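In the numbering used here, the protein residues as written are 85 to 612. Quick notes on the structure that follows.
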């Protein structure tokens, strides 16, 4: 059972109060320590976490600390995230998550021993697995596996050999936590802190239930126990108590304060907006929200306008101020979940938007454009909502159709060499193309045919996992349809799932779907 010395929530928490709460949790090691600082964009959550890291952690040689930003989409998959965290801690502190890596190697042994992958160098994290065994030259997977597992492993690792890959994957959090606790104890570290930023971005992916999107983080915290302080930032408060009521007394959750009237007036003055009546009207309608104040700064600094009477007047003033061509680009970008400079250039060409590279760089410098990775950006979600609400349906369809074709073209250009050098491209391009496909076409048969085509294309590159979740989303839709075409496609889908799980070493799931194929095929055979 989880336990915590829970601190009652307050409506808002000032930066200084948040600092005090963080320091308090650092000193408290008698129970679970989970801190959730939340608030809409512009409140300064990232700046606060950066300050706390610098103030309490960076100069502390006896505290392991790592910040993980979920704006990096490569970390949206639980296994990728946990292995990334382990690798980053190993590199930063010269330690070794030996049990985790052995479990991970066992997972990949089971996945690849019957797969079309021919060389061990094709394995994810091959270098890390290679370090556990004798150096070899481009050995086959089976040879690597025999060398690796010839030695006697710990009892819990031996049990993995009898498990399916899905069960092994869920145990990775347990092995990670065990290794981290051992590292803290054996290396004489005093504490460990994990900072998870922008947890809301995990909602972008399709999940069976609302609780599923961050279930692995709750599992990880449960295994870590009181040994690790976990700080989480999000736009909205965590609602883990809806998944399990026990979390209500575990998470210390507080909303980061908005600007006070004095702070907002000072912000506008420094931005060059000095007319008192304009300032007062903006502050009244912005409600202290930094995002709205920033739009007002852009709008009212550039030109003289009447004072806003309602909040919408600030938005209208912003759109009236922004360059017409830049506004055309923003209208399309509002339908993206993220974008790169390459995508911007494609949009400029496709929709004949009159912007040069200097104008594009100016756009990327606005506060409402967030940098979320190397050459990756995203518009503030609230600006997206405001823009989309102003658009007509015809334009929405046109923009989404183009974005779908953009990611389809990326998929078409991917070959074996590109997949092996940048394997994340498959998952990313499939995820985005799938997202836009669902927006422009709701027909499950179309979704199945699309997935079927690309699984044939990427199966030999071992890019299987991106398809599993999507297949599972189609299953209930095809199961509801009783027409012959849907039933035939459902048999194919079950057969594909059985093959995918077999390739991933999950014999239990594979048998289940093969049995479904047999059961569903009988009526069709009898009616033929």
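Glycine is no exception: its CB is placed at the ideal position from the N, C-alpha and C atoms. The structure presented is a predicted model; accordingly, all values stated were derived computationally and were not measured.
With a threshold of 8 Å on Cβ separation, who are the neighbours of residue 320 within its own chain once the five nearest residues in sequence on each side are excluded? Along the chain shown, read from residue 1 onward, the residue named residue 320 stands at position 236. Only 122 and 284 meet the Cβ criterion.
Beta-carbon within less than 7 Å of residue 129's beta-carbon, same chain only, minus the 5 sequence neighbours each way: which residues are those? In the chain shown, the residue the question calls residue 129 occupies position 45. 121, 123, 317 and 340.
What is the DSSP secondary structure of residue 439, counted as helix, strand or coil? As a position in the chain shown, residue 439 is number 355, starting the count at 1. Residue state for residue 439 is assigned as coil, using DSSP reduced to three classes.
Do you know offhand how far residue 430's Cα is from residue 100's? Residue 430 sits at position 346 when you count from the first residue of the chain shown. Residue 100 sits at position 16 when you count from the first residue of the chain shown. If I take the Cα positions, the gap works out to 45 Å.
Measuring only the C-alpha atoms, how far is residue 416 from residue 141? On the chain shown, position 332 is the one that residue 416 refers to. On the chain shown, position 57 is the one that residue 141 refers to. Rounded to the nearest angstrom, the two C-alpha atoms are 41 Å apart.
Identity of the residues DSSP links to residue 338 by a beta bridge: Counted from its first residue, the chain shown places residue 338 at position 254. Note: residue 338 sits in a beta bridge opposite 121.
Is there contact between the segment 420–440 and the segment 359–372, where contact requires at least three CB pairs shorter than 8 Å? At 8 Å Cβ cutoff, the stretches do not touch.
Taking residue 146 as the reference, which of 98, 260 and 273 has the closest Cα? As a first step, residue 146 must be located in the chain shown, where it is residue number 62. When C-alpha distances from residue 146 are compared across 98, 260 and 273, the shortest belongs to 273.
By DSSP, does residue 460 sit in helix, in strand, or in coil? Counting from 1 along the chain shown, the entry for residue 460 is found at position 376. Of the three classes helix, strand and coil, the one that applies to residue 460 here is strand, per DSSP.
For the segment 484–497 against the segment 523–539, are there 3 or more C-beta pairs whose distance is under 8 Å? Yes: at least three Cβ pairs fall under 8 Å.
Status (buried if at least 16 other CB within 10 Å, exposed otherwise) for residue 220: For the purposes of this step, residue 220 is taken as residue 136 along the chain shown, with counting starting at 1. Legend: pLDDT at residue 220 = 44, less than 50; position of this residue unreliable, value from coordinates given subsequently. With fewer than 16 Cβ atoms within 10 Å of its Cβ, residue 220 is classed as exposed.
If distances are taken between C-alpha atoms only, which option among 457, 475, 528 and 354 comes closest to residue 411? For the purposes of this step, residue 411 is taken as residue 327 along the chain shown, with counting starting at 1. Across the set 457, 475, 528 and 354, the C-alpha of 475 shows the shortest separation from the C-alpha of residue 411.
Exposed or buried, which one is residue 599 when buried takes at least 16 other CB atoms within 10 Å? As a working mapping, residue 599 is identified with position 515 in the chain shown. Exposed, because fewer than 16 other Cβ atoms sit within 10 Å of the Cβ of residue 599.
Are the beta-carbon atoms of residue 194 and residue 249 separated by less than 9 Å? The residue you call residue 194 lines up with position 110 of the chain shown. The residue you call residue 249 lines up with position 165 of the chain shown. Yes, they are a contact pair.
Just to confirm, are residue 392 and residue 343 a CB contact at a threshold of 9 Å? For the purposes of this step, residue 392 is identified with residue 308 of the chain shown, where counting begins at 1. For the purposes of this step, residue 343 is identified with residue 259 of the chain shown, where counting begins at 1. Between residue 392 and residue 343, the C-beta gap is not smaller than 9 Å, which leaves the two residues out of contact.
How many angstroms separate the CA atom of residue 458 from the CA atom of residue 604? As a position in the chain shown, residue 458 is number 374, starting the count at 1. As a position in the chain shown, residue 604 is number 520, starting the count at 1. Inter-residue distance for residue 458 and residue 604 is about 47 Å (C-alpha atoms, whole angstroms).
Where residue 357 and residue 380 are concerned, what is the direct C-alpha to C-alpha distance, given to the nearest angstrom? The sequence position of residue 357 within the chain shown is 273, counting from 1. The sequence position of residue 380 within the chain shown is 296, counting from 1. So the two alpha carbons sit approximately 9 Å from each other.
Determine the direct distance from the alpha carbon of residue 601 to that of residue 572, and round the result to whole angstroms. The residue given as residue 572 occupies position 488 in the chain shown. The residue given as residue 601 occupies position 517 in the chain shown. In this structure, the CA atom of residue 572 is about 10 Å from the CA atom of residue 601.
Buried/exposed call for residue 537, threshold 16 Cβ in 10 Å: Counted from its first residue, the chain shown places residue 537 at position 453. By the neighbour-count rule (16 or more Cβ atoms within 10 Å), residue 537 is not buried but exposed.
Rounded to a whole number of angstroms, what is the C-alpha to C-alpha distance between residue 269 and residue 455? The residue labelled residue 269 in the question sits at position 185 within the chain shown. The residue labelled residue 455 in the question sits at position 371 within the chain shown. Taking the straight line joining both Cα atoms gives about 37 Å.
If the criterion is Cβ atoms closer than 9 Å, does the pair residue 395 and residue 376 meet it? Residue mapping note: residue 395 aligns to position 311 of the chain shown, counting from 1. Residue mapping note: residue 376 aligns to position 292 of the chain shown, counting from 1. In terms of Cβ geometry, residue 395 and residue 376 form a close pair [threshold 9 Å].
Keeping to the same chain, check which residues put their C-beta closer than 7 Å to that of residue 558; ignore five residues upstream and five downstream. Counting from one through the chain shown, the residue named residue 558 turns up at place 474. Result list for residue 558: 528, 531, 532 and 577, in chain order.
Opposing strand residues paired with residue 281 [DSSP bridges]: To locate residue 281, count along the chain shown from 1; it is residue 197. According to DSSP, residue 281 bridges with 153.
Do the CB positions of residue 176 and residue 150 come within less than 9 Å of each other? For this step, residue 176 is matched to residue 92 along the chain shown. For this step, residue 150 is matched to residue 66 along the chain shown. Judged by their CB atoms, residue 176 and residue 150 are nearer to each other than the 9 Å cut-off.
Per DSSP, residue 312 is paired with what? Taking the chain shown and counting its residues from 1, the one referred to as residue 312 is at position 228. DSSP, once it has assigned bridges, lists 276 as partnering residue 312.
Is it true that the CB of residue 119 sits closer than 9 Å to the CB of residue 314? Along the chain shown, one-based indexing puts residue 314 at 230. Along the chain shown, one-based indexing puts residue 119 at 35. Yes, they are a contact pair.
Span separating the alpha-carbon of residue 500 from that of residue 322: By 1-based counting over the chain shown, the position of residue 500 is 416. By 1-based counting over the chain shown, the position of residue 322 is 238. Each residue's alpha carbon lies about 41 Å from the other.
So, helix, strand or coil for residue 344, using DSSP? Start at 1 with the first residue of the chain shown, and residue 344 comes out as number 260. In the structure shown, residue 344 sits in coil (DSSP, three-state: anything other than H, G, I, E or B).
Over what stretch of residues does the alpha helix (DSSP H) that includes residue 133 continue unbroken? Taking the chain shown and counting its residues from 1, the one referred to as residue 133 is at position 49. Taken as a continuous stretch (DSSP letters only), the alpha helix (DSSP H) holding residue 133 covers 129–136.
Which same chain residues, not among the five before or five after residue 104, have their C-beta less than 7 Å away from its C-beta? Within the chain shown, numbered from 1, the residue matching residue 104 stands at position 20. Cβ neighbours of residue 104 beyond the five flanking positions: none.
To which residues of the same chain is residue 596 closer than 6 Å at the C-beta, ignoring the five residues directly before and after it? Counting from one through the chain shown, the residue named residue 596 turns up at place 512. In its own chain, leaving out the 5 sequence neighbours on each side, no residue places its CB closer than 6 Å to the CB of residue 596.
Identified DSSP bridge partners for residue 148: Mapped onto the chain shown, residue 148 falls at position 64. For residue 148, the pairing in a beta bridge is given by DSSP as 276.
What does a CB cutoff of less than 6 Å around residue 332 pick up in its chain, not counting 5 residues either side in sequence? Sequence index remark: in the chain shown, residue 332 carries index 248 (1-based). Closer than 6 Å at Cβ, skipping near neighbours: 325.
For residue 432, which of helix, strand or coil comes out of DSSP? Numbered from 1 along the chain shown, position 348 holds the residue referred to as residue 432. For residue 432, the three-state secondary structure derived from DSSP is helix.
Check residue 420 in the structure and name its three-state DSSP category. As a first step, residue 420 is located in the chain shown; it is residue number 336 there, counting from the start. Of the three classes helix, strand and coil, the one that applies to residue 420 here is coil, per DSSP.
Check whether the Cβ atoms of residue 570 and residue 583 lie closer than 9 Å to each other. By 1-based counting over the chain shown, the position of residue 570 is 486. By 1-based counting over the chain shown, the position of residue 583 is 499. With respect to the 9 Å criterion, residue 570 and residue 583 are not classified as neighbours on the basis of their beta carbons.
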